[in-house]
Amino acid sequence: MGGQEIQGADQESAEEAEEGEVGAWTRCRSSCPGVGCAGVAPGNLRRQRADRCGRRVDDAPPSETRAWVVATSAPVRPGTRLARLWSNESRGCWPVRAPRWPPPRVVPLQLANAEWLLHRCRHCGRWACELRALRELMEGEAVTVPWAGHIRGIGADAEAYEVAFDGTSLRLRGVRCAGAGVAIWKTTGGGRPRLIARVWLALPEGTTALMAEAHACRLAMQTLGGLGAEIRTARVMGDNPIIINHCGNSRNTRDPEVAEVMDRALTCLAQAGWTLRWSWIDRRANAVAHDTAKVGARRARALYDDPVGPRQGRV
2 MGGQEIQGAD QESAEEAEEG EVGAWTRCRS SCPGVGCAGV APGNLRRQRA
52 DRCGRRVDDA PPSETRAWVV ATSAPVRPGT RLARLWSNES RGCWPVRAPR
102 WPPPRVVPLQ LANAEWLLHR CRHCGRWACE LRALRELMEG EAVTVPWAGH
152 IRGIGADAEA YEVAFDGTSL RLRGVRCAGA GVAIWKTTGG GRPRLIARVW
202 LALPEGTTAL MAEAHACRLA MQTLGGLGAE IRTARVMGDN PIIINHCGNS
252 RNTRDPEVAE VMDRALTCLA QAGWTLRWSW IDRRANAVAH DTAKVGARRA
302 RALYDDPVGP RQGRV
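Numbered continuously in my numbering, the sequence shown closes out at residue 316.
Put into structure tokens, the structure is as follows:
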């Protein structure tokens, strides 16, 4: 054989040995004559809407209900090679331009239907990463794996908490009202994330949609800071790129009022030792937080009719 195959605990050992070296995975093949690099890259996968393969369920975190997942383009047998990637290092970032499907989702071993296998060519020294089916897969079935430590950003890099927020501005019975919603999931023991909190904020004063998003972001950080967690790492997700870019320090918003709503909460979390990773997600993947924000908007309409007068309320 022209390559070395690494599985299970050996994969983790190889990753730890080269912890400081991170490359990039690609589908481009070289002219190496080695067995590990030979063969045509298969094309058994495609990008597919998540709701077409049963991935959209109630109270599921955005990482499990993202708009697009990788699925099979035809029925395959056990042991079939679904995809193949190459890199100069055993760990690397997911290809940006190709393939045009996301990395398979990491699940517990008993739920996985495929696995990653690493090979190293003895001729050119490059790493080949193969995705093989563990059982028979039907056409259009979502592909999942039990391990993906060689791909940065998923698997071993997952945060202890997943936080999703959303703000909405609605006209209810002739009155413009807004609401903010937050949903928090906790990951324990490598299992499926568990929904631990849903929080809404009523904004009956008729604020804009962007300001509602800012209040939702602040509410998410305040709720996260009040958990008293020992492991203070979280992935914070929203469907508004202006808010995500501002909080992630990639591009500050030009509206000082919007920035003022969030900046103090950001500072408090940083002083408390929290490490946050900000991610933009598709609106369809943010359904739980969006539904929670609608509860806040409806409560805002009820507060508007209160004889005492409009006021903000939170549960």
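Glycine residues also receive a C-beta, built at the ideal position from the N, C-alpha and C atoms.
Exercise for the section: For M263, name the three-state secondary structure that DSSP assigns. Expected result: helix
Practice task
Taking H291 as part of the alpha helix (DSSP H), name the residues at either end of that continuous run.
Solution key: 288 to 305 is the span of the alpha helix (DSSP H), which, as asked, contains H291.
Exercise for the section: Report yes or no: do the segment 128 to 137 and the segment 75 to 94 share at least 3 C-beta pairs separated by less than 8 Å? Expected result: yes
Practice task
Using only alpha-carbon positions, find the residue among A266, T234, T188, H247 that is nearest to L211.
Solution key: Nearest option by C-alpha distance: H247.
Handout entry: Three-state class that DSSP yields for E116 in the structure shown
Key = In this structure, E116 counts as strand in the three-state DSSP scheme.
Problem - Range covered by the alpha helix (DSSP H) that runs through M1 - result: Residue 1 is absent from the model: the chain starts at 2 and stops at 316.
Exercise for the section: Could you check what DSSP says for E131 in three-state terms: helix, strand or coil? Expected result: strand
Practice task
Below 8 Å on the Cβ atoms is my guess for K187 versus A161; work out the distance and round it to an integer in Å.
Solution key: 7 Å
Handout entry: Sufficient close CB pairs (3 or more, under 8 Å) joining the segment 269 to 278 to the segment 295 to 306
Key = no
Problem - Separation of R28 from R121, as counted between CA atoms - result: 15 Å
Handout entry: Assigned exposure category for P109 - 16 Cβ within 10 Å defines buried
Key = exposed
Practice task
For my contact list, T224 and V183 are in at a C-beta cut-off of 8 Å; report their separation, rounded to the angstrom.
Solution key: 6 Å
Exercise for the section: Would you kindly report the start and end of the unbroken beta strand (DSSP E) that includes G226? Expected result: First-last for G226: 210 to 226, but that is the alpha helix (DSSP H), not the beta strand (DSSP E).
Exercise for the section: Would you please state the rounded distance, in angstroms, between the beta carbons of A72 and A143? I believe it to be under 8 Å. Expected result: 5 Å
Problem - Whole-angstrom distance between E163 and P104, CA atom to CA atom - result: 19 Å
Exercise for the section: May I ask you to check if the CB of A179 is nearer than 8 Å to at least one heavy atom of the ligand NAD? Expected result: The ligand NAD is absent from the structure shown, which contains no ligands of any kind.
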